[in-house]
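Notes to accompany the following structure.
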Amino acid sequence: LFPLYSPSPCSCPPSLPPSLPLSLYPPPLPLPLPLCVGADPYVIIRCEGTKVCSPVHKDTVDPEFNVKGIFYRKKPNQPLRIEIWNKNLLKDDFLGQVTLPSDPTDLQSQHTLHLRDKSDRQVNDLPGYIGVYVVTSKVLNSI
46 LFPLYSPSPC SCPPSLPPSL PLSLYPPPLP LPLPLCVGAD PYVIIRCEGT KVCSPVHKDT
106 VDPEFNVKGI FYRKKPNQPL RIEIWNKNLL KDDFLGQVTL PSDPTDLQSQ HTLHLRDKSD
166 RQVNDLPGYI GVYVVTSKVL NSI
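When we follow the working numbering, the leftmost residue of the sequence shown carries the number 46, and every step to the right adds one.
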């Protein structure tokens, strides 16, 4: 895995201790996207105002995103959002997103989710999916 961390390690103000660290690892699952030849996709993982970006995968329609992000959660019940974008010269194209409910009591670590448009409604599923592996812990050393 290629670890990527946000510039600030915590989305909480410095005076507040983080309440719940969370690790997010998209596993090496192919992501079939409705892309044309020459697509340059990348991923943005958003959590409580903090984001982690993957490198751009040049000229592929079947990328494997191996991205790792560690987020210190102040509000563990807020969902995570993973967005897929296509890098362009002037303006990047939005390709889809998934919203991962962040229930601290959920013991399932691996999820396969359909891409959705920006409205994030189930009726607006887009062709494509993303596999996500999530580890949640109250103890940072256990991750």
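Virtual Cβ for every residue (Gly too), placed ideally from N, Cα, C.
- Cβ atoms of V177 and I115 stay farther apart than 8 Å, at about 14 Å.
- By the Cβ neighbour-count rule, P86 is buried, with 16 or more other Cβ atoms within 10 Å of its own.
- A direct Cα-to-Cα measurement between Q123 and S147 gives close to 6 Å.
- Counting along the chain, no beta strand (DSSP E) covers H102, and no H or E run does either.
- Secondary structure at V112: strand, using DSSP grouped into helix, strand and coil.
- In chain order, D85, Y87, K132 place their CB closer than 7 Å to the CB of V101, counting only its own chain and leaving out the 5 sequence neighbours on each side.
- Cβ atoms of E93 and K119 come within 8 Å of each other, at about 6 Å.
- Between the alpha carbons of Q155 and F110 lies a gap of roughly 15 Å.
- In the three-state reduction of the DSSP assignment, E93 falls in the coil class.
- Leaving aside the five residues that flank C98 on each side, the residues in its chain whose CB is nearer than 6 Å to its CB run, in chain order, I89.
- With a cutoff of 8 Å on beta-carbon distance, R161 and L171 are scored as near each other.
- Residue state for D107 is assigned as coil, using DSSP reduced to three classes.
- Residue pairing by DSSP places D170 opposite R161 in a beta bridge.
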